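So my numbering is basically just the index in the sequence shown, starting at one, shifted up by 14. Heads up, the beta-carbon is just placed ideally off N, CA and C, and yes, glycines get one too. Every value quoted in this text rests on a predicted model; they were computed, and no experiment measured them.
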Amino acid sequence: MVPALVLSLAATAGSILFLTKIAVATHSPTAPKSLSERAVLEELLLVRFRKTLLICSSLFALAIYFFIAPAAEHPWLIAGAWTLEYIGVLIAALLPAHGKTFYPHVAAAQCMGVGMLLLAFAFWANTTGIGAFIEMAFGLMMVLFALLTYFDTRRYIFHELTFIYLSHLTIVLAALLIL
15 MVPALVLSLA ATAGSILFLT KIAVATHSPT APKSLSERAV LEELLLVRFR KTLLICSSLF
75 ALAIYFFIAP AAEHPWLIAG AWTLEYIGVL IAALLPAHGK TFYPHVAAAQ CMGVGMLLLA
135 FAFWANTTGI GAFIEMAFGL MMVLFALLTY FDTRRYIFHE LTFIYLSHLT IVLAALLIL
C-alpha cells in the first residue's frame, strides 16, 4: 500500500500544483480556453505543462500497473482504463493544442478523459462498502464536470481542473482501499 499511496500522492500534488499554476497564470474570464490551449501561449508554460503531464502520469502508471491493478479483483478493468488514459496523456503532452496538431491533441485529450471516467468506475467495481460508494460518487461528479465543460464554457477551466483532480483522488483512494 505504501508505495502506491506515495506515488499517487506525489503525482496528485505535482499535478495540482503545476496545472493550477498554469491556469492561474493564464486566467482570462473573457476568453475561456482549455488548459492545453493556455499552455501553448508561452513556450515556458508548454514545457511545464508537458513535464507535469509526463512526470505525474508516469508516477500514476507505476502505482496503477505495479501495485493497484495487481491487487484488484478485476485488474484488467483498471489496467485497461488506465492504459487508455495514459496513451491519451502521452499523445496530448507531445502534440500542442495549436495549429495543425490542435485536432489530434483534442482527440487525445478526449481519449484521456474517457480513460479517467472509466478508471473511476473500474475502481468502484473493485472496491466494497463505503469505499465503493465514494469511488462511485467521485465518478458521478466527474461525469457532471465533464458535461459542464460543454454547457458552461465560461468556467471551462474550473470544470476541467475539477474533473482532473477528482480523477486523481479516485487513484489515491484506490491506493488506500484496494491494497
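Can the beta-carbon of residue i be found less than 9 angstroms from the beta-carbon of residue j?
i	j	result
H88	A139	yes
L49	L104	no
L175	L33	yes
A85	A106	no
Whole angstroms is fine: what's the gap from residue i's alpha carbon to residue j's?
i	j	result
L161	G102	19 angstroms
A111	V54	7 angstroms
A146	K114	42 angstroms
F152	T184	7 angstroms
L190	E99	21 angstroms
R168	A93	34 angstroms
L193	F159	28 angstroms
V186	I78	10 angstroms
H41	E56	13 angstroms
K47	A27	23 angstroms
L180	M155	8 angstroms
Y117	M126	14 angstroms
A83	P43	40 angstroms
Q124	P17	29 angstroms
W90	V38	37 angstroms
D166	V120	18 angstroms
V157	F172	14 angstroms
L144	T97	Note that residue 144 corresponds to Ile in the displayed sequence, not to Leu. The alpha-carbon atoms of I144 and T97 are separated by roughly 26 angstroms.
Skipping 5 residues on each side, what residues in its chain have a beta carbon closer than 6 angstroms to that of residue i?
i	result
A95	G129, L132, L133, A136
A217	In the structure as shown, the chain begins at 15 and stops at 193. Residue 217 is therefore absent and cannot be evaluated.
T150	First, the amino acid is wrong: residue 150 is Met here, not Thr. Closer than 6 angstroms at the Cβ level, and outside the excluded window around M150, lie W138.
T141	E149, L191
Leaving out five residues before and five after residue i in sequence, what residues of the same chain have Cβ atoms less than 8 angstroms from its Cβ?
i	result
R62	F32, K35, I36, A53
L108	R64
L60	A53, V54, P110
E51	A111, H112
Y170	P46, K47, S48, T163
Within the same chain, show all residues whose beta-carbon is closer than 7 angstroms to that of residue i, passing over the 5 residues directly before and after it, in chain order.
i	result
S22	F74, A77, I185, V186, A189
T66	G28, S29, F32, L33
If you scan the segment 79-118 from start to end, which runs of the beta strand (DSSP E) of 3 or more residues do you find wholly inside it? none
Segments of 4+ residues assigned as alpha helix (DSSP H) that fall wholly inside the segment 108-182: 116-139, 143-165
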